[in-house]
Structures are given as structure tokens and as C-alpha cells.
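> Residue numbers (my numbering): 389 to 538.
From the three backbone atoms N, C-alpha and C, an ideal C-beta is built for every residue, glycine too.
Everything numeric in this text was worked out from a predicted model, so none of it was measured.
Dropping the structure in here first, questions after.
In C-alpha cells:
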């Protein structure tokens, strides 16, 4: 028997994250294991408003938004990992270390976002994330999120 994938559609993602268009950067969760890892998908399209100014005539998806997409993926994994959660709880992007950009992301690319849970201490959660296009790493970083009541 094949392993059952834990997927989330856009409605389930929007129930977990407060982000909305144009800043919701996760289209689908392909699989996750609470307390371990999550794999998500972001379709990059020319219709996104960021491309009117970054860079006209040579559209490149901004690196900072790749990092934000990875941070949103860590937030989803955090929510799916936490055993107790209040209605007003958020995961806030707290830190980023060792960020590396290896290749530009352009319209038409599908980014696969892979995040792994590393550790948690005093409501600070540390993750390692990679964004890939066609199996090649385009960005990687260590990310920290703070679990906070709002």
C-alpha cells in the first residue's frame, strides 16, 4: 500500500495563514509530516503585480519573496506541528541566516518549497528551507519563526 500524502488546498492554506493576494505565496501543500517537514508549491506567473516593476523587460521573481514563500511554508508546518493552538496565534518571521540565491526565478517557473523543522526553544522555531525549480536549488536558507499570540 502506498503512503498517504498529507496535502492542503488553497482554502486550507488560507485558514492557516493570514496572508492574502498579492502576498499569499503558497498555492498548494504537496505533503507534510508534523514536526518534520513540508513540501509546497508556488506557481510563478507573469500576471503577478511584482513584475510591473521587477524588472520591466526582464522579469525576475524577487529573492526576498522567495524567502517569504519559504517563511510561509514554515508557518504552515508550525501550525500543523503545534498540538495546541489559539485562534489569534501567528508565526512571525523572526530571522534568516545563510541565505543563498543560486539561479533567477522567472514567470512560468514552478517553485517547489521544501522546509525541514530543526528545533524549537521558547516559542522560537528554527527551520531549513530550499526553493527548487526543475529539481535545482534556486534559494536556500535557515529561517526562524516566533510563535506569538496576537
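Where do the N-terminal and C-terminal ends of the alpha helix (DSSP H) with residue 451 fall, by residue?
Working through the chain shown from its first residue, we reach residue 451 at position 63. Element bounds for residue 451: 451 to 469.
> Can you find at least 3 beta carbon pairs, one from the segment 389 to 401 and one from the segment 418 to 438, that sit closer than 8 Å?
With the cut-off at 8 Å, the segment 389 to 401 and the segment 418 to 438 touch.
> Taking the straight line between their C-alpha atoms, what separation do you get for residue 506 and residue 482?
Position 118 of the chain shown, counting from 1, holds the residue named residue 506. Position 94 of the chain shown, counting from 1, holds the residue named residue 482. Near 15 Å, if we compare the C-alpha coordinates of residue 482 and residue 506.
> Which same chain residues end up closer than 6 Å to residue 491 when comparing Cβ atoms and leaving out the 5 residues on each side of it in sequence?
Along the chain shown, read from residue 1 onward, the residue named residue 491 stands at position 103. Hits under 6 Å: 526.
> In the DSSP assignment, what residue or residues form a beta bridge with residue 489?
Taking the chain shown and counting its residues from 1, one reaches residue 489 at position 101. In the DSSP output, where bridge partners are listed per residue, residue 489 has 527.
> Pull up the distance between the alpha-carbon of residue 470 and that of residue 485, whole angstroms please.
Along the chain shown, read from residue 1 onward, the residue named residue 470 stands at position 82. Along the chain shown, read from residue 1 onward, the residue named residue 485 stands at position 97. The alpha-carbon atoms of residue 470 and residue 485 are separated by roughly 23 Å.
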